[in-house]
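Worksheet: the structure to be examined is printed underneath.
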Amino acid sequence: MIAIIGAGKMGEALLAGMLARGHAPEDVLVTEPRVEHADELRQRYGVEVVPAEEAAKRADTLLLALKPQDMVALLDDLSAHLAADRLVISVAAGLTTSVMESHLPVGVPVVRAMPNTPALMGRGMTAVSGGANTEPEHLDRAEELLGAVGEVIRVGEQHMDTVTAISGSGPAYFYFIAETMVEAGVAMGMPRATAQKLVEQTMTGAAAMLTDSGEHPVVLREAVTSPGGTTAAALRELERHGVRTAFTDAIEAARDRSQALSGS
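Per the working numbering, the sequence shown runs over residues 83 to 346.
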């Protein structure tokens with residue numbers, strides 16, 4: 083039995099993904115305090131909606147999809163109802179496995195996961211790391227569940243704040259670049275819908291080439307950049323304005339903020 087505690091956007095995406103992957107609705111419990119949304123979940127997915135304490139008693143695996151600021155109180159509430167053979171998976175940003183373990187019974191295995199918003203489209207990237215009591219089979223279980231909404235990779239927990247900065251926050255950087263490109267096209271007289279379509283397909287195609295070609299980004303960039311051409315002129319301006327350094331500094335700032343939130 084699997085319990086999803088917290089059925090916001092990410093929790094519902096995980097629920098929909100797991101059911102699409104073949105999990106039976108009767109094998110999934112959901113905790114959702116909003117009455118109207120709980121009714122919607124019952125009708126839409128055929129799952130049972132129960133209080134968190136009941137979910138902790140009945141489920142073998144608990145997938146916690148709450149906001150970071152709500153997690154510690156939830157763990158304290160669940161602690162009395164959890165046996166040591168339960169698996170707890172958290173998708174809350176910045177909450178370390180050691181912090182979670184300190185609020186749970188001794189021996190409970192914990193997996194920390196960092197998904198990103200493309201999971202809502204089944205195209206997410208999630209990194210997972212295990213705590214002190216986590217065995218390989220626990221990570222296998224976490225990968226199987228989180229793989230319902232995209233790709234999953236294992237990392238050491240010391241890298242999770244960097245994962246947050248690169249992958250968790252990464253879609254925002256992507257959208258920022260897309261926004262800038264669209265606005266540049268509009269400023270030069272192009273209809274907004276045309277500019278957005280050009281940017282969308284250019285980014286989709288470039289991402290596919292990066293994924294499918296196996297080439298380093300430098301190789302792909304150089305293939306577009308003819309000596310003395312338009313791309314070279316554009317890249318020269320980006321370098322002149324320090325865009326590479328600014329991106330590196332931004333990612334480091336995101337990592338540092340993640341560390342601050344986790345207390346690491």
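Ideal Cβ placement from N, Cα and C applies to all residues, glycine included.
Measuring CA to CA, which of the options is closest to residue i?
i    : options                   : result
R168 : R205, L186, G232 and G206 : L186
V177 : A201, S161, P133 and D152 : Contrary to the premise, residue 177 reads as Leu rather than Val in this sequence. Closest option to L177, Cα to Cα, is D152.
P150 : L227, M242, A174 and R103 : A174
R194 : G213, G204, A201 and S184 : G213
M291 : K279, L280, Q278 and A305 : A305
E118 : G250, V131, L111 and D109 : V131
A89  : V112, A342 and R339       : V112
A316 : D159, A266, K279 and A254 : A266
A166 : D243, T179 and E183       : E183
M83  : L97, V110, A102 and R103  : V110
M204 : R337, E319 and L101       : Reading off the sequence shown, one finds Gly at residue 204, where the question assumed Met. Residue L101 is the option with its Cα nearest to G204.
D243 : R337, I86, L343 and A269  : R337
L97  : Y127, P299, F258 and R116 : Y127
T179 : Q240, S249 and A120       : Q240
Y257 : V181, T286 and G311       : T286
H220 : G189, G250 and S249       : G189
S344 : R322, Q283 and V181       : V181
Measure how close the beta-carbons of residue i and residue j come, nearest whole angstrom, since I'm counting them as under 8 Å.
i    : j    : result
A247 : I333 : 5 Å
L156 : A134 : 7 Å
P191 : E217 : 7 Å
A289 : V245 : With a Cβ gap of about 19 Å, A289 and V245 do not count as contacting.
T143 : R223 : 6 Å
V129 : P107 : 5 Å
Helix, strand or coil, according to DSSP, for residue i in the structure here?
i    : result
A162 : coil
E114 : coil
L144 : strand
A208 : For the record, residue 208 in the displayed sequence is Thr; it is not Ala. Of the three classes helix, strand and coil, the one that applies to T208 here is strand, per DSSP.
S308 : coil
M100 : helix
V268 : helix
R194 : strand
A174 : coil
A328 : helix
E108 : helix
A85  : strand
V154 : helix
E297 : coil
V129 : coil
L280 : helix
L186 : coil
Please tell me whether residue i and residue j are closer than 8 Å, where the distance is taken between their beta carbons.
i    : j    : result
L302 : S295 : yes
M207 : E233 : yes
A147 : M92  : yes
N198 : G252 : yes
L202 : A95  : yes
K347 : H105 : Residue 347 is absent from the structure shown; the chain starts at 83 and stops at 346.
V264 : G99  : no
G229 : S211 : no
V281 : A260 : yes
I86  : L145 : yes
A277 : V268 : yes
Give, in chain order, every unbroken run of the beta strand (DSSP E) that is at least 3 residues long and sits entirely within the region 215-260. Listed in chain order, the complete beta strand (DSSP E) runs (minimum 3 residues) inside the region 215-260 are 232-236.
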